[in-house]
Amino acid sequence: MCPRRPIATVAELAMLLLVLFTPWLRAQIPTGEITGTVTDPTGAIVSGALITLTHPETNTQRTVRTNSAGIYDLPALPPGKYNLKVEATGFSAQIRNDMELQVAQVARIDIGLQLGNATQVVEVTGGAPVLESESTAVGTVIENQRIVELPLNGRNYLQLAALTPAATTNSPPSSVESLRRAARGAFSRSASAASVSS
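Yeah, the sequence shown ends on 953 if you go by this note's numbering, and it's all consecutive.
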C-alpha cells in the first residue's frame, strides 16, 4: 500500500497565494500613465511614429509606436519628470522636455508633427501644462516639503485633505474639537460638491 500524498505541499500553497495576490499587489504600485495622439499639420493621424520616453534621473528609456489610429500609450510609469521624443518618416522630430507625471495621473499629450527631414528637431519648452483628460477624478499631490513645513495640528493626515482643490470641511463642532486633540473623530469633507466621510 502506498503512502497517501498530502493534498498540497507548502511550496504549492505558496505558489497558489502568489498567483492569487499578484494582480492585487500590482494595483497598489504608485504609477502614472502617458497617452496621446500623433498628427500631421493637416490633423491627419500618423501611424507608426516612434515615441521615446526618457526618465532623466535614471536615464531609462521606453519606446512604443503609434497604432493605426495614431494613438500611443505608456502605462505603469513611476512618478517624476520625463522627456518625450516623437519621430516619423517625412517629419521633423519633436521633443517635449520636463513633463512632470504625478501618482495615478493619466496625462494626455497630443503631438502635432511638422513636415521636414529627420535631422530637424522641434523642441517644445514652456508649453501648456499636462492635462488629465482621461479621468474625471479630482485629486492633488502634496509634496513632502509642504507636509514637513505645514503647521498641522497633531500631524493628523486627514487635515491634508483640505489642500485638495474645491475641498471644504463639513464637521460638527464636536468633531472639530476632537481633531484639535489629535483624535480621529467622525467628520466629513466635501470636494466639488461630493461628500466624503472619514
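The C-beta atom is built at its ideal place from N, Cα and C for all residues, glycine as well.
Check: Excluding sequence positions up to five away, which residues of its chain have a Cβ less than 6 Å from the Cβ of Arg781?; Outcome: Low per-residue confidence applies at Arg781: pLDDT is 49, beneath 50, and the placement is therefore not dependable, though the value from the model is reported in the following sentence. Answer for Arg781: no residue qualifies.
Check: In terms of DSSP beta bridges, what is Ile800 paired with?; Outcome: Thr794
Check: Could you have a look at Ala782 and say whether DSSP puts it in helix, strand or coil?; Outcome: Low per-residue confidence applies at Ala782: pLDDT is 49, beneath 50, and the placement is therefore not dependable enough to give any value.
Check: Looking at the structure shown, is Asn955 part of a helix, part of a strand, or coil, going by DSSP?; Outcome: Residue coverage of the chain in this structure runs from 756 to 953, which leaves residue 955 outside it and unanswerable.
Check: Give me the Cα-Cα distance between Asn822 and Ser802, rounded to the nearest whole angstrom.; Outcome: 5 Å
Check: Using DSSP bridges, identify the partner residues of Glu842.; Outcome: Leu805
Check: Pick from Leu870, Thr794, Lys840 and Ala799: whose alpha carbon is nearest that of Val819?; Outcome: Lys840
Check: Output needed for Met770: all residues of its chain with C-beta closer than 6 Å, excluding positions within five of it in sequence on either side, in chain order.; Outcome: none
Check: Which two residues bound the contiguous beta strand (DSSP E) that contains Ala862?; Outcome: Val861 to Arg863
Check: How far does the beta strand (DSSP E) with Ala831 in it extend, from its first residue to its last?; Outcome: Ile826 to Leu832
Check: Can you give me the C-alpha to C-alpha distance between Gly825 and Glu898, rounded to a whole angstrom?; Outcome: 35 Å
Check: May I ask you to report which of helix, strand or coil DSSP gives Gln900?; Outcome: helix
Check: Identify every residue that forms a DSSP beta bridge with Gln816.; Outcome: Thr809
Check: Using the C-alpha atoms, what's the distance from Gln869 back to Gln857?; Outcome: 29 Å
Check: Restricting to Cα atoms, I'd like to know which of Val876, Lys836, Asn814 and Thr809 is closest to Arg860.; Outcome: In the sequence under discussion, the amino acid at residue 860 is Gln, which differs from the Arg named in the question. Gln860 has its Cα closest to that of Lys836, out of Val876, Lys836, Asn814 and Thr809.
Check: Can you list, in chain order, the residues of its chain with a C-beta nearer than 6 Å to that of Asp865? Leave out the 5 residues immediately preceding and following it.; Outcome: Gly791 and Thr792
Check: To the nearest angstrom, how far is the alpha carbon of Leu832 from that of Asn814?; Outcome: 14 Å
Check: When we look at the beta-carbon of Gly798 and count the other beta-carbons within 10 Å, is it buried (16 or more) or exposed?; Outcome: exposed
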